[in-house]
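Here the sequence shown stands for residues -7 to 76, numbered as in the numbering used here.
Using N, Cα and C, we set each Cβ at its ideal position, and we do this for glycine too.
To keep things clear, I will list the structure first and then write my remarks on it.
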Amino acid sequence: DEIVPKEKSYREQITYVTDRPGHDRRYAIDAEKIGRELGWKPQETFESGIRKTVEWYLSNTKWVDNVKSGAYQSWIEQNYEGRQ
């Protein structure tokens, strides 16, 4: 809603559901070990990373359209045919 405001909010499209039995509670990394042992620190927060991802997709609509239409498939076949 912030990046591409519309007349009708995207929030209305979100439906929260209860977890199904046996469902993993969440998928999230804990980077504490790699930070402690290797000194690694993420360059992005989740919020900045998701914003950059959305902006990339909005700036590359031709690529997105090619993927959605299947037009990229001929390029894949031409460039990767015979590779193992």
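With the rule of 3 Cβ pairs closer than 8 angstroms, the segment 68 to 75 does not count as touching the segment 22 to 38. Per DSSP, the continuous alpha helix (DSSP H) segment holding Q65 begins and ends at 64 to 72.
With contacts defined as CB atoms closer than 8 angstroms, Y49 and V56 qualify as a contacting pair.
Put simply, the backbone Cα of E(-1) is about 45 angstroms away from that of G31.
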